[in-house]
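Residue numbers (UniProt numbering): 1 to 495. Data first, discussion second: the structure below is written as structure tokens.
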């Protein structure tokens, strides 16, 4: 059973007999999904079928084909895994709220369950659906480790104020779920024609090939296993060097819900309770990893689950990583990431200059007329044609891969502030580019990141200077002290 503190009731309608719908949205996976587990619990208790429905919106906050392609290929795996469990899956197209209401009516569903998102568009869809659904409508926070609305009842000032609240509850919520099992009354639905769906998508298809990772649950677990074995040991020391390949690369998987942050945290902390699904692709073994080399590359054991139930308990992952690397990574994964949800949940202007701290707005306004070294249009930023080769390289990385290294993303946003006609236009440009090109755009983490870099969110006032006011400053000289800038520029130019 799911902890009731993860659950919110969105309307006052009764639960009645009939199929249970899980309206999948933000958490696009089968295993370690609280919302799916809760929906299954209700279906089994009522002796009813369970159907997972995903509503494909024709437009989502400026997303282009690169994001839809990554998402759809992940959903193909979700459908495949659900078919193995004989659970129905259906892809609905059109306005999400209208589509889910029509679908509920068509099958006579007695209850609708969905997952949690603090974003305005998702909340609007759910509010519309809640007003129209004549049956119980429930939301489950399957994304955060500590449920967002439970962690804090207000917008937090900084990580310093948020951290103790999350850490106090972490032990109560950082718990792996058992494997998803079949629902006796369920049966698979007709398979989705994915090629037709992709061909009909009414979204922009920017020119150029995007080199992004393989999507889906299985790929996410493989990525996690590789990170723990090969890179976690160096995370604390080298995470701010974009040439070092010391970061996890899990951001797109976390954004699309292909992996739960709790699964990552459990593995990194040293205990992995669940691992392989019996799907044909397999969840790559995390198993018992005993590394003795400094690089953390020696694996002493592999656990391959072959049972029909899948996800066998595997015991302990003994990571060789220094404790400071684990602590630094978990700070970003848990505290900083869930602080972003907190920001979006309690600040309706999270994607606007008007949502920034008042001290930052006032400081930037006082310097809005300061002389700039250069001024660029959003289109010039988009094309990476500024005077700064380092900034251009960061934008080229975004265009080519759908991602920017975390340290460079801060530099990228701050220089947009420095070279835009006004702070407000800078904020709008950074949000637009991140939402349009980043695989993990249109996400609380992205909005909070832009707000931190440009508007001092979750930060403090610094020494005042031209253009920036009291916003924390970054420059190319500081980057050169941290890493080989010329190498980074050179590598981003490679096809």
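Ideal Cβ positions, reconstructed from N, Cα and C, are used throughout, including at glycine.
> Once you ignore the five residues that flank residue 255 on each side, which residues in its own chain have a CB closer than 6 Å to its CB?
Replying inline: 440 and 443
> Would you report the Cα separation of residue 243 and residue 406, rounded to the nearest angstrom?
Replying inline: 12 Å
>> Tell me the DSSP secondary structure of residue 50 in three-state form.
In response: strand
> Which residues mark the beginning and the end of the beta strand (DSSP E) in which residue 93 is found?
Replying inline: 88-93
>> Quick check: what's the CA-CA separation for residue 234 versus residue 324?
In response: 10 Å
> Beta-carbon separation of residue 147 and residue 5 under 7 Å?
Replying inline: In this structure, residue 5 lies closer than 7 Å to residue 147 by Cβ.
> Would a C-beta distance cut-off of 7 Å place residue 100 and residue 132 closer than the cut-off?
Replying inline: Taking 7 Å as the cut-off, the Cβ atoms of residue 100 and residue 132 do not count as close.
> Is the number of C-beta pairs between the stretch 412-423 and the stretch 366-382 that are closer than 8 Å three or more?
Replying inline: yes
> Hey, residue 497 and residue 257: beta-carbon distance below 7 Å or not?
Replying inline: The displayed coordinates of the chain run from 1 to 495. Any statement about residue 497 would go beyond what the structure contains.
> By Cβ distance below 7 Å, which residues in the same chain neighbour residue 30 in space, the five residues on each side in sequence not counted?
Replying inline: 36, 78, 81, 82, 180 and 217
> Taking Cβ to Cβ, would you say residue 262 is nearer than 7 Å to residue 145?
Replying inline: yes
>> Just verifying my parser: in three-state terms, what is the DSSP assignment at residue 332?
In response: helix
> Which two residues bound the contiguous alpha helix (DSSP H) that contains residue 22?
Replying inline: Counting along the chain, residue 22 falls outside any alpha helix (DSSP H), though it belongs to the beta strand (DSSP E) covering 20-24.
> How is the alpha helix (DSSP H) around residue 338 delimited, first residue to last?
Replying inline: 337-346
> Which residue comes first and which comes last in the alpha helix (DSSP H) that contains residue 103?
Replying inline: For residue 103, the uninterrupted alpha helix (DSSP H) run begins and ends at 96-107, by DSSP.
> Excluding five sequence neighbours on each side, which residues of the same chain lie with their C-beta closer than 6 Å to the C-beta of residue 307?
Replying inline: Because the pLDDT of residue 307 is 27, which lies under 50, any placement of that residue in the model is unreliable, and the question is left without a value.
> At what residue ranges does the stretch 117-180 contain a whole run of the alpha helix (DSSP H), taking only runs of 4 or more?
Replying inline: 120-132, 148-151 and 159-173
> With distances taken from CA atoms, which of 211, 476 and 189 is nearest residue 398?
Replying inline: 211
> Per the contact definition of three or more C-beta pairs closer than 8 Å, is the stretch 181-198 in contact with the stretch 87-98?
Replying inline: Yes, they touch.
> With DSSP run on the structure shown, which of helix, strand or coil describes residue 292?
Replying inline: For residue 292, the pLDDT reaches just 26, beneath the cut-off of 50, and the residue's location in the model is therefore unreliable, although a value from the coordinates is still provided. In this structure, residue 292 counts as coil in the three-state DSSP scheme.
> Just how far apart, CA to CA, sit residue 226 and residue 482?
Replying inline: 25 Å
> Per DSSP, what kind of secondary structure is residue 7 in: helix, strand or coil?
Replying inline: strand
> Among 452, 426, 411 and 436, which has the Cα closest to the Cα of residue 476?
Replying inline: 411
>> For the beta strand (DSSP E) containing residue 114, name the first residue and the last one.
In response: Boundaries of the beta strand (DSSP E) around residue 114: 111-115.
> Expressed to the nearest angstrom, what Euclidean distance is found between the alpha-carbon atoms of residue 457 and residue 420?
Replying inline: 19 Å
> For the alpha helix (DSSP H) that residue 452 lies in, which residues bound it at each end?
Replying inline: 444-455
>> Taking the straight line between their C-alpha atoms, what separation do you get for residue 45 and residue 23?
In response: 19 Å
> So what does DSSP say about residue 239, is it helix, strand or coil?
Replying inline: coil
>> For residue 344 and residue 118, I'd like the C-alpha separation in whole angstroms.
In response: 6 Å
> DSSP puts residue 211 in a beta bridge; with which residues?
Replying inline: Residue pairing from DSSP leaves residue 211 without any beta-bridge partner.
> Which of helix, strand or coil does DSSP assign to residue 465?
Replying inline: strand
> By the 10 Å Cβ neighbour count, where 16 or more other Cβ atoms means buried, how is residue 154 classified, buried or exposed?
Replying inline: exposed
>> Any heavy atom of the ligand GDP closer than 6 Å to the beta-carbon of residue 365?
In response: With respect to the ligand GDP, the structure shown offers nothing to examine, as it has no ligands at all.
> Where does residue 303 fall in DSSP's three states?
Replying inline: With a pLDDT of 28 at residue 303, under the threshold of 50, the modelled position of that residue is not reliable, and no figure is offered here.
>> Buried or exposed, going by whether 16 or more other CB atoms sit within 10 Å of the CB of residue 463?
In response: exposed
>> Mapping the DSSP letters down to three states, classify residue 493 as helix, strand or coil.
In response: helix
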